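Before any comments, here is the structure.
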Amino acid sequence: MRLSTATDGWEAVRLYYNIMTAEGGLRSYIDALEGEAMIPMYRNIRLAACFPDFLRPLLHTALYLTGEKRRRFLVKNMRRDGLATRTYWQYCEELQNYQEAWTRMLQTQKLDGFLCPSVALPAFPHGWSSHLESSCSYNLFLNLLHYPAGVIPVTQVRADEAVYPPSDLPRMQRDSIARAAAIAMQGSEALPVSVQVAFPPFQDEMCLHVMKDLQDAVGFTALPPYAKRSVFK
Numbered sequence: 001m002r003l004s005t006a007t008d009g010w011e012a013v014r015l016y017y018n019i020m021t022a023e024g025g026l027r028s029y030i031d032a033l034e035g036e037a038m039i040p041m042y043r044n045i046r047l048a049a050c051f052p053d054f055l056r057p058l059l060h061t062a063l064y065l066t067g068e069k070r071r072r073f074l075v076k077n078m079r080r081d082g083l084a085t086r087t088y089w090q091y092c093e094e095l096q097n098y099q100e101a102w103t104r105m106l107q108t109q110k111l112d113g114f115l116c117p118s119v120a121l122p123a124f125p126h127g128w129s130s131h132l133e134s135s136c137s138y139n140l141f142l143n144l145l146h147y148p149a150g151v152i153p154v155t156q157v158r159a160d161e162a163v164y165p166p167s168d169l170p171r172m173q174r175d176s177i178a179r180a181a182a183i184a185m186q187g188s189e190a191l192p193v194s195v196q197v198a199f200p201p202f203q204d205e206m207c208l209h210v211m212k213d214l215q216d217a218v219g220f221t222a223l224p225p226y227a228k229r230s231v232f233k
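Right under this line is the structure:
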């Protein structure tokens, strides 16, 4: 059965980043550190959130001209000065509509839950998540839905799969994220590949039950080999 999604990935990203950064400039995240330095993996998110709002139109244009549609979309949906209260509540209403659309979709198709990718890539080198944040969109939309979810390894990357040639992608996706993914895939042979089990809110026990059944059925026990993989500077 093909899962007819309630909305597309762009919509999920738009809602997530507007609500997550509604206060502006990641203020509560930074304040919670109490003076400690933010880890490097948050560097790009912080730059996007703290970039001066009056300069954003120029940055949007620059990213558009350089083919960075995905990064442009990220910058467009963040604010340094935050959202007005009215705008914030409008996004909250959109989020509720988004959640209700997913509930209706699952009920219409008589689905208790579903499987989806966990991350778009196998485990990438330590520190690279700051350059590959869009690969985590499958986790992002489940956070919006408040769906309990878990990850089960089911197979490994084959030798002929340890590549990610940007030239094979649609033109709009041949950007810095694709180039980073291509480098991250180098040396990924034999790394585990997982699926994500997701269920509607308050179905945590059912989610764990299905995860256990899937784990037993697949019987995946392989351990990834140790490999020296470069760290993005």
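Position 51 of the sequence shown, counted from 1, bears residue number 51 in UniProt numbering, the numbering being contiguous throughout. Backbone N, C-alpha and C fix where the C-beta goes; we use that ideal spot for every residue, glycine too. These figures come from a predicted structure and were not determined experimentally.
With a CB to CB cut of under 6 Å and the five nearest residues on each side skipped, what residues in its chain are close to K228?
Unreliable placement is indicated for K228, whose pLDDT of 49 sits below 50; the coordinate value is still reported in the next sentence. Around K228: no qualifying Cβ.
Collapsed DSSP secondary structure at P192 in the structure displayed:
The answer is strand: DSSP assigns P192 an E or B state.
Check each candidate in F220, P201, L169 and name the one with the smallest Cα separation from A190.
Nearest neighbour of A190 by Cα position, chosen from F220, P201, L169, turns out to be F220.
Y29 to V193 span [Cα, whole Å]
A direct Cα-to-Cα measurement between Y29 and V193 gives close to 31 Å.
Take L74 and list the residues in its own chain whose beta-carbon comes closer than 7 Å to its own, dropping the five residues that flank it on each side.
The beta carbon of L74 is closer than 7 Å to those of Y17, A48 in its chain, skipping five residues each way along the sequence.
Using DSSP with H/G/I as helix, E/B as strand and the rest coil, what is T155?
Three-state DSSP puts T155 in a strand.
Residue 236 burial status per 10 Å Cβ neighbour count (16 or more: buried):
An answer regarding residue 236 cannot be provided, because it is not within the stretch 1 to 233 covered by the chain.
Quick one: what's got a C-beta closer than 6 Å to L83's C-beta in the same chain, skipping five residues either side?
Taken in chain order, the residues that qualify are A22.
Thinking just about the alpha-carbon of each residue, which of A162, R179, T155 is nearest to the one in L169?
Per the C-alpha coordinates, the member of A162, R179, T155 positioned closest to L169 is R179.
Length-filtered (4 minimum) alpha helix (DSSP H) runs lying within the UniProt domain "Amidase" (71-208)
Correct list: 85-108, 137-145, 176-184.
Nonlocal neighbours in the same chain, by C-beta distance under 6 Å from T155, ignoring five residues either side
If we look at T155 and ignore the five residues flanking it on each side, its Cβ neighbours are V193.
Name the two residues that bound the continuous alpha helix (DSSP H) containing T21.
Segment: none, T21 is in no alpha helix (DSSP H) and carries neither H nor E.
What does a CB cutoff of less than 6 Å around Q99 pick up in its chain, not counting 5 residues either side in sequence?
For Q99, where only same-chain residues beyond five positions count, the Cβ hits under 6 Å are L145.
Please determine if the segment 29-44 and the segment 61-69 are in contact, where contact requires at least 3 C-beta pairs separated by less than 8 Å.
With fewer than three CB-CB distances shorter than 8 Å, the segment 29-44 does not count as touching the segment 61-69.
A222 - DSSP class collapsed to helix/strand/coil
The answer is coil: DSSP assigns A222 none of H, G, I, E or B.
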